[in-house]
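Trainee:
Number of protein chains: 2
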Amino acid sequence: MSPLFLSNSHLENKSKIEKKNHGFKLKLVKALIAGNGMTNAAICKHLRISAPKTLELISSLAQVGIIEQNEKGNSIGGRKPVLNKIKPNTFYILCAEVELFRVKMTLVDNTNTFLRSVSIPFTLTQDWSSAIQLVRLLTEFMDDSDVPEKAILAIGISMPGLISYKDGRNHTYMSDEKQLPLREYISNQLGKPAFIVNDVKSAAMAELKFGLAQGRKDVLVILMDWGIGLGIIMDGRVRNGAAGFSGEMGHMPFVEDGILCYCGKKGCLETVASGVALANMAREGILSGQDSLLNTLPEQEIENIAPQIVINAANKGDQYAISILASIGERLGKGIATLIQLFNPELIILGGKIAEANQYITIPIQQAINTYCMTPLRDIARVELSRLGADAGAKGIAHIAFEKYFDMLLSSIEAER
Amino acid sequence: MSPLFLSNSHLENKSKIEKKNHGFKLKLVKALIAGNGMTNAAICKHLRISAPKTLELISSLAQVGIIEQNEKGNSIGGRKPVLNKIKPNTFYILCAEVELFRVKMTLVDNTNTFLRSVSIPFTLTQDWSSAIQLVRLLTEFMDDSDVPEKAILAIGISMPGLISYKDGRNHTYMSDEKQLPLREYISNQLGKPAFIVNDVKSAAMAELKFGLAQGRKDVLVILMDWGIGLGIIMDGRVRNGAAGFSGEMGHMPFVEDGILCYCGKKGCLETVASGVALANMAREGILSGQDSLLNTLPEQEIENIAPQIVINAANKGDQYAISILASIGERLGKGIATLIQLFNPELIILGGKIAEANQYITIPIQQAINTYCMTPLRDIARVELSRLGADAGAKGIAHIAFEKYFDMLLSSIEAER
DNA sequence: TAATCTTTTGAAAAAAAATAAGAAAAGTTT
DNA sequence: AAACTTTTCTTATTTTTTTTCAAAAGATTA
Chain C
12 MSPLFLSNSH LENKSKIEKK NHGFKLKLVK ALIAGNGMTN AAICKHLRIS APKTLELISS
72 LAQVGIIEQN EKGNSIGGRK PVLNKIKPNT FYILCAEVEL FRVKMTLVDN TNTFLRSVSI
132 PFTLTQDWSS AIQLVRLLTE FMDDSDVPEK AILAIGISMP GLISYKDGRN HTYMSDEKQL
192 PLREYISNQL GKPAFIVNDV KSAAMAELKF GLAQGRKDVL VILMDWGIGL GIIMDGRVRN
252 GAAGFSGEMG HMPFVEDGIL CYCGKKGCLE TVASGVALAN MAREGILSGQ DSLLNTLPEQ
312 EIENIAPQIV INAANKGDQY AISILASIGE RLGKGIATLI QLFNPELIIL GGKIAEANQY
372 ITIPIQQAIN TYCMTPLRDI ARVELSRLGA DAGAKGIAHI AFEKYFDMLL SSIEAER
Chain H
12 MSPLFLSNSH LENKSKIEKK NHGFKLKLVK ALIAGNGMTN AAICKHLRIS APKTLELISS
72 LAQVGIIEQN EKGNSIGGRK PVLNKIKPNT FYILCAEVEL FRVKMTLVDN TNTFLRSVSI
132 PFTLTQDWSS AIQLVRLLTE FMDDSDVPEK AILAIGISMP GLISYKDGRN HTYMSDEKQL
192 PLREYISNQL GKPAFIVNDV KSAAMAELKF GLAQGRKDVL VILMDWGIGL GIIMDGRVRN
252 GAAGFSGEMG HMPFVEDGIL CYCGKKGCLE TVASGVALAN MAREGILSGQ DSLLNTLPEQ
312 EIENIAPQIV INAANKGDQY AISILASIGE RLGKGIATLI QLFNPELIIL GGKIAEANQY
372 ITIPIQQAIN TYCMTPLRDI ARVELSRLGA DAGAKGIAHI AFEKYFDMLL SSIEAER
């Protein structure tokens with residue numbers, strides 16, 4: 012029952028004031044979810060509304076039963092203010108993190124608590140087949156969740172690829188011009204609004220909201236796994252570019268006449284600085300008989316060598332592993348130097364599996380930055396390793412989905428008048 | 012008299028409502044200057060204010076005598092709305108475009124009309140001496156202008172260099188740590204608020220406001236003269252980065268072990284793709300006896316060869332000139348390809364003197380973009396030559412200065428309450 | 001421990017602003 | 001010329017914001 016009150020449908024022939032009030036309530040709920048609790052005064056400031064009006068809105072939300080006022084906020088030396096929070100388990104987002112070889116689905120509530128989380132093997136294909144598969148998995152997951160279906164407001168999906176901001180088409184994976192846009196397809200099939208975000212952009216949002224980028228304005232988030240991705244935060248927001256394709260750092264031209272990249276171009280940064288490049292270098296080194304711990308690997312593993320293995324070897328002191336990590340780091344650092352020159356960030360956050368190589372990768376990166384950046388720009392830009400754990404993905408997605416869900420409702424109110 | 016009413020000083024012990032009203036008036040004047048006239052309805056929408064309130068504000072501004080209502084706006088089939096405009100010659104900005112070897116000073120009024128404009132030889136130095144010189148020129152220019160001094164609201168200055176957004180220090184030119192920040196110094200000396208902007212960012216603002224970027228959200232503005240500069244427009248605004256140093260494209264690492272750049276690093280893009288690089292290539296070509304029209308130049312001009320000369324030769328069909336323009340274009344295009352991958356712009360505007368080489372430079376650029384960009388990104392990004400004339404600089408500066416001036420007043424009201 | 005500040009809450013009266021509704025104005029279209 | 005649009009401009013009504021105060025709840029100080 013309670014989530015229903017969010018819907019705009021009952022506003023059809025209501026007065027402008029009722030619509031405005033409904034808008035305020037939506038904004039308030041949105042802010043309470045995003046801020047995880049706000050004092051009266053904070054709400055006044057945020058909605059640019061007077062105290063009596065704020066109290067009216069809060070009491071009306073309290074009547075619907077979705078607000079609790081158990082806690083007190085911090086004071087600067089006086090009576091402690093009441094903290095208004097949305098009750099736990101009131102609203103949910105179904106989050107799906109789609110990776111190349113698995114899907115992680117999580118049900119997150121409005122207090123960022125995880126209700127249920129599963130990780131399922133899955134193959135992300137370029138054609139439409141994996142879209143159908145994904146819908147099947149999502150439907151099953153939703154059906155198995157013993158949560159009132161109405162309380163699941165929306166579905167948030169993160170995945171790699173060039174995802175069109177406008178219509179939620181992925182131009183790289185699950186791509187089929189003849190089909191409906193992916194977002195619309197998923198939304199139709201599951202009967203809920205769906206939002207699809209690029210995986211790095213959602214990681215950037217997680218950093219901005221829960222991680223090192225909190226309160227910062229100009230931050231770059233770099234994810235290094237098999238490929239390299241970049242999430243751009245400028246002036247305090249994740250920036251998408253004209254179509255939503257911003258941050259394709261992995262495929263910026265880097266090596267003159269380099270190796271052919273899977274994207275069809277030659278010499279992309281990703282061909283020489285990524286998990287794939289690291290694995291290739293390790294494999295070549297082993298085959299050419301380098302003196303290294305890696306040589307003790309069984310033949311099977313040499314074929315399918317993963318970045319993690321090289322990192323482990325480096326941590327055991329293996330010189331060859333350290334040296335190839337260093338050269339990957341130096342190239343990546345040169346790429347990052349380019350970014351610093353262009354974006355003038357105050358902070359660069361490194362995440363992803365390769366980042367776990369820690370100083371074996373950060374020191375060469377920092378060295379390259381020092382070499383290739385102008386001093387005033389370099390002095391401002393700090394490089395740090397992400398401190399977010401495994402649950403950051405779902406949290407980031409949930410945050411984006413809540414935000415987009417309320418923005419959607421709000422803009423439909425705007426459009427009505 | 013009239014500009015005085017803008018000042019916040021008389022608000023000291025006024026009620027909240029009077030402050031709010033004053034804020035509305037400031038916002039209204041700002042919008043009227045920026046929009047060069049607005050209808051009643053447009054003001055309502057822009058200030059999120061009701062019609063009666065809007066009329067009240069307008070009539071109060073009309074009483075001060077700074078508003079005129081002579082024109083009518085466009086209608087979509089009914090009574091034409093009244094256009095509210097700030098009267099011409101009510102407010103002025105003193106604009107200075109500081110270049111390496113001259114200063115252009117212009118007095119611009121609130122309707123973007125130029126009152127007076129002079130161009131004076133000048134040498135922009137890295138040390139403080141040219142700051143003193145600039146203040147002298149500005150003072151003279153202001154004294155010679157027969158405009159009520161009070162009506163000159165602020166001084167807007169564009170110049171090359173790394174200009175700190177926070178305190179208006181230029182870290183490249185007129186740079187002296189022991190002095191006050193440049194902005195403060197000029198402001199103190201001339202007794203007016205001063206705003207200092209990087210030249211490319213002001214060009215980007217001009218494109219956004221008066222040029223090809225109008226109504227666009229994600230645009231890159233590239234200025235090619237002796238050096239290369241980049242102005243970044245993302246989500247509809249010029250973005251400055253953390254310190255104001257964004258867009259240092261000319262010094263992104265480009266050539267492995269390249270020539271030493273004046274910035275101290277090796278192989279910057281600017282060393283192989285800029286007016287300086289063009290001139291160097293032309294000079295070397297001549298000295299190595301290339302078959303070219305350029306060989307007919309007098310020895311004196313060969314030493315100080317300017318990009319324009321190469322462009323002229325190309326326009327006469329000179330193959331060598333065309334070929335070096337092409338190689339400059341190809342490198343620049345590769346750099347632009349990197350930008351496209353990162354920013355996902357819908358439009359790239361080329362300006363500056365080298366852009367006058369027209370298709371001799373644009374075709375190689377486009378070719379490089381096609382070679383080095385992923386298809387979905389390339390398909391979105393159009394490349395066009397700037398169509399703004401010589402007066403765009405001052406207009407861009409004036410626009411920024413008006414905006415910053417009113418923002419300054421508005422934020423001081425905010426701070427008071 | 002008591003007294004004194006601070007800050008927040010909550011309520012109520014006064015002031016201001018927004019909404020709504022309608023008449024008049026000034027065009028366009030038919 | 002009539003019908004229709006769209007905007008302006010009033011005015012009455014409703015809503016919201018200010019403003020003021022007293023009370024509450026905690027922090028600080030004596």
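So the protein lines, in turn, are chains C and H. Residue numbers for the first sequence follow our numbering, so the first one is 12 and each next one is one higher. Residue numbers for the second sequence follow our numbering, so the first one is 12 and each next one is one higher. Heads up, the beta-carbon is just placed ideally off N, CA and C, and yes, glycines get one too.
Measure the beta-carbon distance from H/Met235 to H/Gly286 and round it to whole angstroms, keeping in mind my assumption that it falls under 8 Å.
Mentor: Going by Cβ atoms, the distance from H/Met235 to H/Gly286 rounds to 7 Å, so yes, they are a contact pair.
Trainee: Using the Cα positions of H/Tyr383 and C/Lys277, report the straight-line distance between them to the nearest angstrom.
Mentor: Cα to Cα, the separation comes out at about 8 Å.
Trainee: Any beta carbon of chain C sitting closer than 7 Å to that of H/Glu281?
Mentor: Cβ-Cβ to chain C under 7 Å: no for H/Glu281.
Trainee: What are the residues in the segment 166-196 of chain C lying within 8 Å of chain H by C-beta distance?
Mentor: Flagged, chain order: Leu173 and His182.
Trainee: Taking beta-carbon pairs under 8 Å, can you tell me which members of the segment 325-353 of chain H lie near chain C?
Mentor: So the list reads Lys345, Ala348, Thr349, Leu350, Gln352 and Leu353, given in the order they occur along the chain.
Trainee: From C/Gly340 to C/Ile372, what does the alpha carbon distance come to, in whole angstroms?
Mentor: If you take the alpha carbons of C/Gly340 and C/Ile372, they lie about 5 Å apart.
Trainee: Give the straight-line distance between the Cα atoms of H/Glu425 and C/Leu271, rounded to the nearest whole angstrom.
Mentor: H/Glu425 and C/Leu271: Cα-Cα distance of roughly 56 Å.
Trainee: Let me see if you follow: with CB-CB separation under 7 Å, is C/Asn355 close to chain H or not?
Mentor: Yes, C/Asn355 lies at the interface with chain H (some Cβ there is under 7 Å from its Cβ).
Trainee: What residues from the segment 236-258 of chain C come within 9 Å of chain H, judged by C-beta to C-beta, listed N to C?
Mentor: From the segment 236-258 of chain C, only Leu241, Ile243, Met245, Asp246, Arg248, Arg250, Asn251, Gly252, Ala253, Ala254, Gly255, Phe256, Ser257 and Gly258 have a Cβ closer than 9 Å to chain H.
Trainee: Under 8 Å between beta-carbons, which chain H residues line up against C/Ile391? List them in chain order, please.
Mentor: Per Cβ cutoff of 8 Å: Ala253, Ala254 and Phe256.
Trainee: Quick check on this structure: which residue in H/Leu201, H/Leu421, H/Gln137 and H/Lys189 has the alpha carbon closest to the alpha carbon of H/Pro171?
Mentor: The candidate whose alpha carbon is nearest that of H/Pro171 is H/Gln137.
Trainee: So, at 6 Å on beta carbons, what are the nonlocal neighbours of H/Asp302 in its own chain, with the 5 sequence-adjacent residues on each side left out?
Mentor: If we look at H/Asp302 and ignore the five residues flanking it on each side, it has no Cβ neighbours.
Trainee: Kindly indicate the opening and closing residues of the beta strand (DSSP E) around H/Cys106.
Mentor: Tyr103 to Val109 is the extent of the beta strand (DSSP E) around H/Cys106.
Trainee: Would you mind giving the Cβ-Cβ distance between C/Val40 and C/Phe354, rounded to the nearest angstrom? I have them listed as a contact below 8 Å.
Mentor: At roughly 34 Å, the Cβ-Cβ gap does not stay under 8 Å, so C/Val40 and C/Phe354 are not in contact.
Trainee: Please return the same chain residues whose Cβ sits closer than 7 Å to the Cβ of C/Ile97, not counting the five positions on each side in sequence.
Mentor: Correct list, in chain order: Val40, Leu43, Ile44, Ile77, Ile78 and Asn121.
Trainee: Buried or exposed for H/Arg10, please, with buried defined as at least 16 other CB atoms from any protein chain shown within 10 angstroms of its CB.
Mentor: Nothing about residue 10 of chain H can be read from this structure; chain H reaches only from 12 to 428.
Trainee: Please compile the residues from chain H whose C-beta is within a distance smaller than 7 Å of the C-beta of C/Gly383.
Mentor: Here residue 383 of chain C is Tyr; the residue named in the question, Gly, does not match the sequence. What C/Tyr383 touches in chain H: Pro264 and Lys276.
Trainee: Does DSSP classify C/Met12 as helix, strand or coil?
Mentor: At C/Met12, the pLDDT of 38 sits below 50, so the modelled position is not reliable; the number obtained from the coordinates is stated separately. The answer is coil: DSSP assigns C/Met12 none of H, G, I, E or B.
Trainee: For H/Cys272, verify whether its CB is less than 6 Å away from any heavy atom of the ligand MN.
Mentor: The model on display carries no ligand, and the ligand MN is accordingly not part of it.
Trainee: Among C/Glu357, C/Val208, C/Gly404 and C/Leu280, which has the Cα closest to the Cα of C/Met237?
Mentor: Before going further, note that residue 237 of chain C is Trp rather than Met in the sequence given. Nearest option by C-alpha distance: C/Leu280.
Trainee: Where does H/Ile270 fall in DSSP's three states?
Mentor: H/Ile270 falls in the coil class under three-state DSSP.
Trainee: With a threshold of 16 other CB atoms inside 10 Å of the CB of H/Tyr331, please say whether the residue is buried or exposed.
Mentor: The residue in question, H/Tyr331, is buried, as its Cβ has 16 or more Cβ neighbours within 10 Å.
Trainee: Here's the rule I'm using: 16 or more other beta-carbon atoms within 10 Å means buried, otherwise exposed. How should C/Val129 be labelled?
Mentor: By the 10 Å Cβ count, C/Val129 comes out exposed.
Trainee: Would you mind telling me which residues of chain H sit closer than 7 Å to C/Asp229, beta carbon to beta carbon, in chain order?
Mentor: The answer, in chain order, is Gly252 and Ala253.
Trainee: Does H/Arg248 come out as helix, strand or coil in the three-state DSSP assignment?
Mentor: In the structure shown, H/Arg248 sits in a strand (DSSP, three-state: E or B).
Trainee: Taking C-beta pairs closer than 7 Å, name the residues in chain H that C/Leu388 reaches, listed in chain order.
Mentor: Going along chain H in sequence order, the residues near C/Leu388 (Cβ under 7 Å) are Phe256 and Glu259.
Trainee: Taking DSSP as the reference, what is the three-state secondary structure of H/Asn121?
Mentor: H/Asn121 falls in the coil class under three-state DSSP.
Trainee: Measure the beta-carbon distance from H/Val211 to H/Ile360 and round it to whole angstroms, keeping in mind my assumption that it falls under 8 Å.
Mentor: Actually they do not touch by this definition, with Cβ atoms about 11 Å apart.
Trainee: Helix or strand or just coil, what does DSSP make of H/Lys56?
Mentor: Helix, per DSSP.
Trainee: Looking at the secondary structure, which residues open and close the beta strand (DSSP E) in which H/Ala205 lies?
Mentor: H/Ala205 -> beta strand (DSSP E) spans Ala205 to Asn209.
Trainee: Mind the definition here: the segment 144-152 of chain H touches the segment 171-184 of chain H only if three or more C-beta pairs lie below 8 Å; say whether that holds.
Mentor: The segment 144-152 of chain H is not in contact with the segment 171-184 of chain H.
Trainee: Please classify C/Met12 as buried or exposed, where buried requires at least 16 neighbouring CB atoms within 10 angstroms.
Mentor: Confidence in C/Met12 is poor, its pLDDT being 38 and thus under 50, which makes the residue's placement too unreliable to answer from.
Trainee: Expressed to the nearest angstrom, what Euclidean distance is found between the alpha-carbon atoms of H/Ile233 and H/Ile411?
Mentor: In a straight line, the C-alpha of H/Ile233 is about 19 Å away from that of H/Ile411.
Trainee: Hey, could you find the ends of the beta strand (DSSP E) H/Glu29 is sitting in?
Mentor: From DSSP, H/Glu29 is part of no beta strand (DSSP E) but of the alpha helix (DSSP H) over Lys27 to Gly46.
Trainee: Can you give me the Cβ contacts of C/Gly269 inside the same chain, cut-off strictly under 8 Å, excluding the 5 residues immediately before and after it?
Mentor: If we look at C/Gly269 and ignore the five residues flanking it on each side, its Cβ neighbours are Lys277, Gly278, Cys279, Thr282 and Val283.
Trainee: For the candidate residues H/Met292, H/Ala224 and H/Met263, whose alpha-carbon lies nearest to that of H/Gly247?
Mentor: Of the candidates H/Met292, H/Ala224 and H/Met263, the one whose C-alpha sits nearest the C-alpha of H/Gly247 is H/Ala224.
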